[in-house]
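Counted from 1, the sequence shown has number 143 at position 143 by UniProt numbering; the numbering is strictly sequential.
Here's the structure, in structure tokens; my notes come after.
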Amino acid sequence: MPSPHPLGDYLRARRELLRPADVALPEGAGIRRVPGLRRSEVAAIAGISTEYYVKLEQGQEAHPTDQVLDSLSRALRLDATANSYLHALARITSKPTSPISPPAVERARWLISSWPTTAAMILDRRFDIVATNPLMSTLIGGYQTGRNSVAVLLLDADVRALHVDWNGLSARSIALLRSRAGLYPDDARTQELITHLMRDSDRFRELWHRYDIEGMTEGTHSMIHPVVGALSLHYAHLPLVGADDHSIFLYFAEPGTPTESALAALVPGR
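What follows is the structure in structure tokens.
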């Protein structure tokens with residue numbers, strides 16, 4: 001079930017991950033009955049009262065000022081992405097889900113279909129796969145329209161075997177899902193996905209309650225493909241404007257590299 005206090009849950013989760021040494025406090029300051037920092041310690045570092053901080057964690061106060069949020073962000077050692085998420089949690093309002101924009105998604109389908117040597121797929125805000133181009137389907141067979149990309153990564157053994165750093169990739173993917181799920185606490189499909197992954201994925205159960213947050217990024221993934229062997233693929237995750245938090249995820253190769261040649265060999269019809 002979705003939590004009725006997403007802001008408080010997030011504050012508590014991040015507080016429990018910090019050790020006194022992380023914020024220059026002595027480890028031996030009394031017996032610690034709970035993991036991480038005490039509420040009073042976070043409040044003192046943030047410059048607010050313990051009573052007010054307790055209200056935030058318990059959901060009795062859900063709309064702190066930006067100044068308070070920034071102080072808490074510094075106290076909890078949040079990075080820029082996590083700080084933005086903290087502010088967004090404090091501004092959640094109950095509102096109907098916006099419909100997708102079919103023209104925008106359809107244009108994106110045309111776009112990715114025109115990329116013969118770039119593997120790409122369109123994702124909705126839950127990371128359900130809305131469309132793939134032929135190369136993405138050949139590169140990673142598990143990524144098929146209608147499936148959830150995070151679930152595929154976590155549960156499909158063949159997809160897991162492709163990725164050299166599956167642990168790092170799975171951690172980032174769970175954190176990215178967390179960054180979206182927390183902002184749509186009433187979305188039934190998201191809650192269904194979380195329930196499914198909590199039941200079936202050890203990795204998801206291990207990391208979900210850490211409340212790690214990840215933004216859309218770019219970088220490099222190393223793969224061992226069963227047909228063409230080692231690949232060093234650049235990736236990018238791009239928001240799709242005008243399409244209800246849809247995005248395009250793509251893999252591409254640096255020109256003139258062995259990976260470019262290997263990726264070209266996977267192009268259907270070649």
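The beta-carbon is built from N, C-alpha and C at its ideal position, and this holds for glycine as well.
All of these numbers come straight from a predicted model, not from anything done at the bench.
- Task: Quick one: which unbroken alpha helix (DSSP H) runs of 4-plus residues sit fully inside the region 112-186? Chain order, please.
- Result: 134-139, 149-155, 157-162, 166-181
- For residue 247, three-class secondary structure by DSSP: strand
- For residue 96, the three-state DSSP class (helix, strand or coil): Since pLDDT at residue 96 reaches only 49, below the 50 mark, its modelled position is unreliable, and no value is offered.
- Compare the beta carbon distance of residue 53 and residue 39 with 8 Å and say whether it is the shorter of the two. Going by beta carbons, residue 53 and residue 39 fall inside the 8 Å limit.
- Message: On a Cα-Cα basis, can you pick out the residue from 117, 89, 130, 125 that is closest to residue 107?
- Response: 130
- Residue environment, residue 47, which counts as buried when at least 16 other CB atoms sit within 10 Å: exposed
- Query: In the DSSP assignment, what are the bridge partners of residue 235?
  - Reply: 219, 251
- Item | Runs of beta strand (DSSP E) wholly within the region 31-64 (minimum 3 residues, chain order) | Here no run is fully enclosed.
- Task: Classify residue 110 as buried or exposed, calling it buried when 16 or more other Cβ atoms lie within 10 Å of its own Cβ.
- Result: exposed
- Task: Spell out the partners DSSP gives residue 229 in its beta bridges.
- Result: 225
- Message: Less than 8 Å between C-beta atoms, sequence neighbours within five positions excluded: which residues of the same chain meet that for residue 117?
- Response: 135, 252, 253, 260, 263, 264, 267
- Message: At the level of alpha carbons, what is the spacing between residue 96 and residue 12?
- Response: In this prediction, residue 96 has a pLDDT of 49, which is less than 50 and means its spatial position is unreliable; what the coordinates show is noted afterwards. Cα-Cα distance, rounded: 28 Å.
- Task: Pick helix, strand or coil for residue 209, following the three-state DSSP scheme.
- Result: Note: residue 209 maps to helix in three-state DSSP.
- Nearest-angstrom beta carbon gap, residue 194 and residue 181 [assumed within contact, 8 Å]: 7 Å
- Helix, strand or coil: which one does DSSP assign to residue 84? helix
- Query: When you compare only the Cα positions, how much space is there between residue 14 and residue 79?
  - Reply: 12 Å
- Looking at C-beta atoms only, is the number of pairs between the region 68-84 and the region 220-237 that lie closer than 8 Å three or more? Segments in contact, no.
- Query: Quick check: the region 189-208 against the region 145-154, are there 3 or more CB pairs under 8 Å?
  - Reply: yes
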